Each structure stands twice: as structure tokens, then as C-alpha cells.
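Asker:
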Amino acid sequence: MEPLSALGVAAAAVQFLDFGSRVFLDARDIWKSSPSQAPRNTELSEIARNLSSLMNEVDRKLQAAQIKQARKEGATGAGLDEQSQVMFARLCSECNDVCKELQECLSKLKTQGKEGLKHAADSLIVAVKGVWSASKIEGLKDRIRQLRDQIMMAALVIVWGQAEQSQITSLEIAKQQVETMSRLQRIDKTTRKFGDELLDLVQGRSPQSHAQAQGIVQYVLDSDWMPSDAMRSQAHEALMATVSDSTRKRHRNRAQHIIKSLWFETIDHREEAIPKAYTDTFEWIFSKPRQSTDGKPLWSDLTQWLSNDSDEIYWITGKPGAGKSTLTKFIAKDKRLKRYLQEWTGESELILAKYFSWNAGSELQKSHHGLLRTILKRCLSRRPELLVPIVFPARWSLVQVFPEGVALPPWTEKELHAGFRALVSHAGRKISPYPEYKLVLLIDGLDEFEVGEGSHQAIVNLIRDTNQNPNVKICASSRPWNVFRDAFSQNPMLQLEKLTRPDIRLFVQNRFNKSPGFLERKAMYPAEAQKLMKGVVDKALGVFLWVSVVVWNLLQNLQEGDSLSQMQETLDSLPEDLCNLFQVMWEQTHQSYRKEASHYFDLMKCLEKHDLTPFALSIGLGDDREVPADLDINRVDNSFMSGVVMSLNRKLNSRTKGLLEIHQVGVARESVVSYMHRTAREWVQENWATMMVTSDPGFDANLWVLRGETLRLPMDNFVVPIFKETAFWLHLGKLIHVSRGVGIAPENPAKLVQVLDRLDREVTKLSRVEFRNGKSCLLQNVCSLEGPISPSTSIDTKEGIHWGNAAVAAANRPGWSKWGKLNFLGIMAQVPVHHYLRTKVSEDPAVVDYQGNAMPALVSAILGGFQGFPMACNLGGPRYNDHERQGLVKFLLDHVSMDEARRSLDLVNIIIHSVDERWAVSSTYLDDVLHMLHTHVSRAEAQPHTPGVHTSSHAQTTVTPKRRGCLNRLKEMLEQLGLI
1 MEPLSALGVA AAAVQFLDFG SRVFLDARDI WKSSPSQAPR NTELSEIARN
51 LSSLMNEVDR KLQAAQIKQA RKEGATGAGL DEQSQVMFAR LCSECNDVCK
101 ELQECLSKLK TQGKEGLKHA ADSLIVAVKG VWSASKIEGL KDRIRQLRDQ
151 IMMAALVIVW GQAEQSQITS LEIAKQQVET MSRLQRIDKT TRKFGDELLD
201 LVQGRSPQSH AQAQGIVQYV LDSDWMPSDA MRSQAHEALM ATVSDSTRKR
251 HRNRAQHIIK SLWFETIDHR EEAIPKAYTD TFEWIFSKPR QSTDGKPLWS
301 DLTQWLSNDS DEIYWITGKP GAGKSTLTKF IAKDKRLKRY LQEWTGESEL
351 ILAKYFSWNA GSELQKSHHG LLRTILKRCL SRRPELLVPI VFPARWSLVQ
401 VFPEGVALPP WTEKELHAGF RALVSHAGRK ISPYPEYKLV LLIDGLDEFE
451 VGEGSHQAIV NLIRDTNQNP NVKICASSRP WNVFRDAFSQ NPMLQLEKLT
501 RPDIRLFVQN RFNKSPGFLE RKAMYPAEAQ KLMKGVVDKA LGVFLWVSVV
551 VWNLLQNLQE GDSLSQMQET LDSLPEDLCN LFQVMWEQTH QSYRKEASHY
601 FDLMKCLEKH DLTPFALSIG LGDDREVPAD LDINRVDNSF MSGVVMSLNR
651 KLNSRTKGLL EIHQVGVARE SVVSYMHRTA REWVQENWAT MMVTSDPGFD
701 ANLWVLRGET LRLPMDNFVV PIFKETAFWL HLGKLIHVSR GVGIAPENPA
751 KLVQVLDRLD REVTKLSRVE FRNGKSCLLQ NVCSLEGPIS PSTSIDTKEG
801 IHWGNAAVAA ANRPGWSKWG KLNFLGIMAQ VPVHHYLRTK VSEDPAVVDY
851 QGNAMPALVS AILGGFQGFP MACNLGGPRY NDHERQGLVK FLLDHVSMDE
901 ARRSLDLVNI IIHSVDERWA VSSTYLDDVL HMLHTHVSRA EAQPHTPGVH
951 TSSHAQTTVT PKRRGCLNRL KEMLEQLGLI
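When you line the sequence shown up against full-length UniProt numbering, it's residues 1 to 980, in that order.
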């Protein structure tokens, strides 16, 4: 089948589907009419004829293409491969099935005595609902939508296939196709129009085409769509010498684009936070195992396991705090690891990946999702152009077809698991021109995973299944819980606390001997000094963390002037159990320091709740006692940021006794605060109520976090060095939801308004930054329709586009812009952030009245209660209590003018009857709110008033010429839309 013929078939099929969808399922668009139009009947038989005619055109074009192909069998040319031809035939067959269903519906309507439908009074969709159930209608809607997406994707695959054969881009080949169509007389109008749509789709020229492209992308990934064998072979040919350098480079860049999307902010944080092994400790792991008194090895020989074939997982286990993570990191970083593994891999390529889970970290640091993304990113980075098409064939196809501006959807667990299985299954296979590869995985902290019930067994199953491939080796560490003991106790293993006494002795001696004060006392009382050090080693019972905490404590006391005998008394009084040790440390902390410590623990809890990375800079900047509210973060230098981090580090040491500490991930702005160990976090959680008793009642962790994150936002990785749009919206949504948690203390509302207005200003600045193609990435989806980027205040959009409208576009709802533009007040109403709205409106009720082309705040407050409203897709999140939202609606009604109340009521009614029915469903909430609006307006209208004077809920307002002009413009807009 020729490509042009195939595009003609696709064009006819899309035309048929669009007609069927509009007539049967989106009847409002077809049957709306203005009062000036004369009503007429639409005959069902006419609809049936149109359906048949359009479907016959599909069949005719398909048969013509097949006949033409049969005549050319054996001839050379750029025809479609067999799989693509079968696919087109199947899609046309499915269109026929849809046509039959629609014709059957029309037949049923005729048997009910319906021959025609009045244009305005009795739409077809109402009649269809009398024949089909709601689920039947929705099911057919989804089928038509998916079928259209499949056809569009099939057409795009044709474009890509020709591009690969010609070694040019999909955009260039699409332009060539459109030019060819315009020259050929035999190409009908439908196919020409379809070609233009296809070019628009590939080029991404408008928000509409951008949204359509996003829909196709989502369909491809949701439906397990797979590229044909021909497409796969083209990807493989890109590895060979037969393609040009430019094509090979393009493939490599697109592979890197997919790999980069696997990255997440905390991907390296845990590994970098794990303390480096103390000098000369853990060296024994790469030596022959020591023997016990009965002549048996104390641990399984790791070097033998690394260098030989083994079908078993190597298990590192030990008590909490024994140093499992430190040992795993030591193994991963040591050059001897690869040397021993090379004996096993031979001529095969070694691909090594590691993952350090962290229960006290972000969701991606303790989940299967984060594990898979980390391993896949690290493995694919070794051979991008080889592995990406194999591991993620659907995404690979999509980045070939669509322009750079089309964002790929977030990774799903299903897609990641499929990719991981593909990566594992290809280990040991020869993929020319590269050698086969063998895979080695180091996974630390199996017990740290926290993703629902049964997650630990699930991670065991995943590891065991992966290890079935003889070309894969896995070394994993965990606490000796039953689920892991049952799975791995018969495997090669080591129990760390039984092996570390020599390492602990070395650590204790070196730390004490580095203290001038201890050396002075040791010279005077050598026996007592030796007794103290031996006592620490004996009492540690192999737990490195216990030793680290106790030695730090003793040296602090030594610095304050304690004698060796006093230090010995302190050691004797300390419990051997870690949690009891933490309790003693807390009780010894000064009362005033406990209050501040409780604040820091509360901040960590708040950050964890909202899955925000606990950046030291954010926590430091959030302190309004030290950092001025008007600080210009864009002008501060590295020395200032380092000062903030160092000051915080001193406070954490003295206030939390080292339970919280700062890890220098890189530069100061990337430093992260974390618990010294999981056991420290567990102890804090278990004693939370007791610790919060010491907290200041006026302290608000949400306000502190919001302030710190707002000041840190301009320096985040979202904008340095490139803009990460998806991550930005996710992060901004988290901050807005943090603002909802701000408490009701009298001073908080004013502070909240100040911080949120600052947040709005900072994001507005970001929206004006040009990142690529001379456009702001924040507003790239709306610029072409809305005009130039301009600054915006929190309540005024007259000077330009507010960044909130980019969130609507990012939610693939470009049509929403016709109802009005979003401003910051509208965003706050949609979420909603009550304290902000009530404070703003109380200060100036006029802010909720007519604001040019802005979406009314009252409408945003009402419709924000629906999951599908645009902002809910990006900045929204969980739907909140209906009663709470109704209270906000009532508050706004009491403050808006009556004109605004009527306008909002009309607009709400229009919107809920105009959008996708899957969203605009009837609900108790909607009924209650509409009743409230109607009652409010009716009561006001029932009050006597002087002509020319309008009664407001909070004042009497004269209908000025300006206000009357606004109302007339609203009426004109609705008439243009055909809605009144």
C-alpha cells in the first residue's frame, strides 16, 4: 500500500468517526442554533445515509489502495510493510463495526415512531439516551476516541517510516507529503485537509494540535501499543554504519531525552548521604573470609560470588545501625568490584546499577517506582541508542514522531515494570554491532521500602524473578526480618554485626586519638583511657551507629571539661539499645533547645507529608526571625547560601543532638537535611506526642516551609540549566497545598498572603524567562493564542498572560480559555486556599468583581470542586470537603456585586452543560451550590430598587456605562459561542 493511499484511507476513516461522534455523542455542537435561524426537522434517514456514505468512502479507498498494491507486488518502492497494511485493514473493520452500531440505534429510534428531530428542541443525543444506557454511550465514546487516536498514530507511523527511509525528520517528510497532495489532482479535499491536520500535529503549531498530540501520546502508552517489526528494524539500522551521522546523532539525542525523563530530584541523595567508610574499615570484604573457632568461614566469600557463575542472590544483613548501607556503598565504590566481576562477564559488557532506598526520604526513595526508574536510567545511560528502543519501544516511537514540545506523560508502574523486564530479558543476548551485556544490581535497604501492604514480599519476588536470568547478579541488603530471612538465609550472605568488632575498635581509637583533650588525659592516665575505649567497643555489640553517637557525645562532654572518670560514668549510664540511647540524649537536652528541636522535627514531618525534598537552604530561609521578607534571592551569592546552611548545621547539632544532620550533596543550594539514621526517625515518630509538648503553640511548619520554598524556587533545578515543565507543575502544586495547611493563628493570614503573593511574583518572573525557541517554557502552550508574555500581579491579568493559564494548557484543555483567563486569585479559589481568599476579599471586596477577561473568582471557587477542572490536573490534587467549599462560595457571594453573582451563575450553567459529560455529572454538591446561587440572586432581585440602581450583596451600585458595557460584551461573547 502506497503511503499516500494509506493517508487517504486514514482521512476517510477520521471523517467518518468525527461525523458519528458529533451527531450521536456531542449533539450540542451540531444541533445548537440561534433564535434567528428557522427551525427545521432533521430526518433520521438523512443521518443514516450520511453514515453509510462516509463508511462506503472508507471501504472504497481501502479497496482501491489494496488493488493498487496488488498490481505493484514485487516492484520496488516505498510502500508500507505487511503489518502496517494489516493494521489499516483492521482499523477500517472496526470503523465498520461502529457504523453498524450507530445504524442499529437509528433503526430502534424509527421503530419508536421517530422520523425527525426538531433542531433546537429535541436533540439526537436525548433520543439516543432513550435507546442506549449511559454506560453504552460512554463505551462507544471511548471506542471512537481510541479508534481515532489509533488511526492518527498509524498515519504518523507512515510519516516516520518515510522519514527514516529518507534519513530526514518527520516534520520535513510531513511537509513533503502536504506539498505532494497539493500538486496532485487525484487527491481529494478530505485527504488534503487530513494532510494539513497531520502536518499541524507533527509541527505542534497550535495549542489544539498540541493537546491532540498529547492525547495520542497518552493513548499509545495506556493501550500497550507496540511498533511494528519494520519500525523496530529501522531503529536497529540506526546503530549500523548504513545511516548518516546526522540520523545517528538524532537517534542518540532522542534516546537521551527518554533517559533524562527517568531522572528525579532525589535520585542520588541517599547514596551521597550515607557516610563514607572510615579509613581502613571494611577492607576484609574483598579478602578471604576469616575462620571461626570451629573452622567455618565467618561470611560467604564475596569475591568468589562476584567472579564465578552463581544463581543465588548475595544477602548482606545485620542489626539496625550495624553499617549495612555504608558497607554496600563501600563495595559499590571500590575498584575491586569491577575487577572481580570482569572475571565473570568475560568478553560481555558489564552494566552495573545501584539503588539505595531510604524510608525517611521521598516517595521515590522508598518505592518500586523509584527503584525501577533509578536502575533503568543508570543501565540505559550505558548504551542509549541500543537499549532505549528495546526497553521502551512505544516511547521511542513517540519521540520519533512528535516535536520536542510534546511532553511525554509521567512514568507508570506498569510501563516501568515492562521496561525492566525487557532490560533483564535481553541480558546475555547478542545485539549487533555491540557485544552482549551482563547485568549487576546492588540494592541497599530492602526493609526501607514502604509502598503499601505486602510490599516487602513484592520486592523479594521482583528480585527473585530478576535473578532467574543467569546473566544477572544481584547483591541486596536488609535487616534480618522474617520475610527476608525466609527468602535469603540459605544464600551466600554475611551478618554484619558479627564481623565489625575490629572495624569498630579502629574507629574508636582513631576518633579519640584525634582529640587533643583526650590525648592529654591519656598521657596522664593511660590505663583509664584504654578502659574507656575498650568499654565503648564492648558495649557497641557490633552496631556502628551506636558507637558513632556515643563517641560524639563523649567527645562533646570532653570538650566541656569532663575527666576520664566522668566520661566512664557517662558511658556506663548509657543504654545499649539505640532507642533508649536517643531517649537519654533527649532528656539531657536543654529545655529551650528542645522547643527548637521539636520545630525542626515538625518541619521534617511537613516536608515528608507533601513529598518535598528537605533542602537545608529551604529550611534555613524559612526562618523569618533571621531572613528578611523582602530578600532578593536572585542577588544573593554562594557565600550567603553557604552561610545559611552552616548556621542551620550548628543549630541542628546543638538542638537535635545530631539526630538531624546536613548532607552536602554538592553546592550549598543542594544540601539536604535528613535523620542520621532510620532508627532516629522511628524514635522521633514513637515519641511524637511527648516531643510536641515542648513546641511553641504559635509555630506553623506549613508557613515556614512555604516561605523557605518560595525563596528557594528561583534557584531550583527546574530552571537551571533547562526547564523541567512536568516537575515544575508538580512542585508548585505541592507548595499551594502546603499553604492550605497553614493554621488559624491570628497573625498567620497576613503572613500567608505576603508569602503567596511573593510566590506568584517569583513564578511570574520565571514565566518571562526564555528557555528555548525564544519562548517561555511556562507559557509555550498558550503564547501563540494569547499574545506576548507580560508581568502580572496576583489579581490583575490586564497587562499580559498569567502563568496559571499555562497550567490549563498543560492539562490539555485549551478550550477552557474561552470562558475566561485565570489569575492568581482564581487559582486560590479553585484549590481553594481559604485564608488567602478571605483576607484578600476582606481587605478589598472589589477584587472579586469583574476583572476584564478573567475567570470570575466565584466561578473558580464553585467549579474547582470537580476533579476534572483544569487546575485540578496540575495544581489541584485531592478534592476537598464539599461543605468546606460551599462555605467559601457563600463567603464570596456575600462580597460580590449582584452583577457578578448573575454573571457567575450564567457562566457556571453554561460551562457545566458544555464540557465533557464524564466531568460535568450531576452531584449533590453541584445541586446545592446552584441552589445557593439561584436563591441569592432571586432574593436580591425580589428586593424593591430604584431604576438604574443595582442592589449588591454588600452595597448598592449604580449601573455605570462601564459596567453596562461589560455586560454587553459578555452577552456578545455568549452569542458568538452560540450559547444564548
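Glycine included, every Cβ here is placed at the ideal spot set by N, Cα and C.
Here the structure is a predicted model, which is why all the values come from computation and not from measurement.
Would you report the Cα separation of Glu272 and Thr326, rounded to the nearest angstrom?
Answerer: Rounded to the nearest angstrom, the two C-alpha atoms are 11 Å apart.
Asker: Classify Ala78: buried if its beta carbon has 16 or more other beta carbons within 10 angstroms, exposed otherwise.
Answerer: Summary for Ala78: the model assigns pLDDT 47, below 50, so the residue's position carries little reliability, and this model does not support an answer.
Asker: Which whole runs of the beta strand (DSSP E) in the segment 431–480 are 3 residues long or more, in chain order?
Answerer: Runs found: 437–444 and 472–478.
Asker: Buried or exposed, going by whether 16 or more other CB atoms sit within 10 Å of the CB of Arg655?
Answerer: Buried.
Asker: Beta-carbon separation of Leu499 and Trp299 under 8 Å?
Answerer: Yes, the Cβ-Cβ distance between Leu499 and Trp299 is below 8 Å.
Asker: Under 8 Å, with one C-beta from each stretch per pair, do the segment 511–522 and the segment 541–556 reach the 3-pair mark?
Answerer: A contact exists between the segment 511–522 and the segment 541–556.
Asker: How far does the alpha helix (DSSP H) with His834 in it extend, from its first residue to its last?
Answerer: Here the alpha helix (DSSP H) through His834 covers His834 to Glu843.
Asker: Between which residues of its own chain and Ala277 is the CB-CB distance below 6 Å, once the five residues before and five after are set aside?
Answerer: Answer for Ala277: Thr326 and Phe330, listed in chain order.
Asker: Under the three-state reduction of DSSP, which class applies to Asp18: helix, strand or coil?
Answerer: Helix.
Asker: For Thr710, is the classification buried or exposed, using 16 other Cβ atoms within 10 angstroms of its Cβ as the cut-off for buried?
Answerer: With 16 or more Cβ atoms within 10 Å of its Cβ, Thr710 is classed as buried.
Asker: Give the DSSP-derived three-state secondary structure of Gln342 in the structure shown.
Answerer: Three-state result, Gln342: helix.
Asker: Report, in whole angstroms, the separation of the C-beta atoms of Ala854 and Gly826, which I expect to be a contact under 8 Å.
Answerer: Right, the Cβ-Cβ distance comes to about 7 Å (below 8 Å), so this counts as a contact.
Asker: State the Cα-Cα distance for the pair Lys377 and Arg339, rounded to the nearest angstrom.
Answerer: Lys377 and Arg339: Cα-Cα distance of roughly 23 Å.
Asker: Quick one: grab the DSSP three-state call for Ser674.
Answerer: Strand, per DSSP.
Asker: Could you name the residues of the same chain whose beta carbon sits closer than 7 Å to that of Asn601, not counting the 5 residues immediately before and after it, in chain order?
Answerer: Checking the sequence, you will find Phe at residue 601 rather than Asn. Contacts found: Val684 and Met691.
Asker: Just to check my reading of the structure: Ser477 and Gly445 have Cβ atoms closer than 8 Å, yes? What is that Cβ distance to the nearest angstrom?
Answerer: Yes, they are in contact, since the Cβ atoms of Ser477 and Gly445 sit about 6 Å apart, within 8 Å.
Asker: Should Leu631 go down as buried or exposed, given a rule of 16 or more other Cβ atoms within 10 Å for buried?
Answerer: Result: exposed.
Asker: Given this structure, state the Cα-to-Cα distance separating Leu350 from Ile736, to the nearest angstrom.
Answerer: In a straight line, the C-alpha of Leu350 is about 45 Å away from that of Ile736.
Asker: With C-beta atoms as the reference, is Ser695 less than 8 Å away from Lys609?
Answerer: Cβ distance not < 8 Å, so Ser695 and Lys609 don't count as in contact.
Asker: Is the distance from the Cβ of residue 1045 to the Cβ of Val584 below 8 Å?
Answerer: Residue 1045 lies beyond the stretch modelled for the chain, which goes from 1 to 980, so this question has no answer here.
Asker: Do you know how far the Cα of Met676 is from the Cα of Gln495?
Answerer: In a straight line, the C-alpha of Gln495 is about 22 Å away from that of Met676.
Asker: Quick check on Trp683: does DSSP put it in helix, strand or coil?
Answerer: Reduced to three states, the DSSP call for Trp683 is helix.
Asker: Provide the residue span of the alpha helix (DSSP H) that contains Trp284, from first to last.
Answerer: Here Trp284 belongs to no alpha helix (DSSP H), and DSSP marks it neither H nor E.
Asker: Who pairs with Ile351 in a beta bridge, going by DSSP?
Answerer: Answer is Leu439, bridged to Ile351.
Asker: Note down the Cα distance separating Asn812 from Asn805, rounded to an integer number of angstroms.
Answerer: Only weak support exists for where Asn812 lies, its pLDDT of 44 falling under 50; the coordinates are left without a value.
Asker: How many angstroms separate the CA atom of Thr281 from the CA atom of Glu587?
Answerer: Using only the alpha carbons, I get a separation of about 33 Å.
Asker: Using the beta-carbon count (16 or more within 10 Å), is Pro614 buried or exposed?
Answerer: Buried, since its Cβ has 16 or more Cβ neighbours within 10 Å.
Asker: What are the residues that DSSP puts in a beta bridge with Thr317?
Answerer: Answer is Ser478 and Gln495, bridged to Thr317.
Asker: What are the boundary residues of the alpha helix (DSSP H) that includes Leu545?
Answerer: From DSSP, the alpha helix (DSSP H) with Leu545 extends over Phe544 to Gln559.
Asker: Using the C-alpha atoms, what's the distance from Pro714 back to Phe824?
Answerer: Those two C-alpha atoms are separated by around 18 Å.
Asker: May I ask which residues mark the beginning and end of the beta strand (DSSP E) holding Glu661?
Answerer: Run containing Glu661: Leu660 to His663, per the beta strand (DSSP E) assignment.
Asker: Rounding to the nearest angstrom, what Cα-Cα distance links Ala427 and Asn96 in this structure?
Answerer: Going by the C-alpha atoms only, they are around 44 Å apart.
Asker: Quick check: the Cα distance between Ser563 and Ala527, rounded to an integer number of angstroms?
Answerer: Cα-Cα distance, rounded: 14 Å.
Asker: Looking at C-alpha atoms only, which residue of Gly361, Tyr434 and Asn308 is the closest neighbour of Glu343?
Answerer: Glu343 has its Cα closest to that of Asn308, out of Gly361, Tyr434 and Asn308.
Asker: With a cut-off of 8 Å, do at least 3 Cβ pairs link the segment 835–846 to the segment 734–751?
Answerer: Yes, since at least three Cβ pairs between the segment 835–846 and the segment 734–751 fall closer than 8 Å, the two stretches touch.
Asker: Ignore the nearest five residues each way along the sequence and tell me which others in Ile862's own chain have a CB closer than 7 Å to its CB.
Answerer: Closer than 7 Å at the Cβ level, and outside the excluded window around Ile862, lie Val889, Val908 and Val929.
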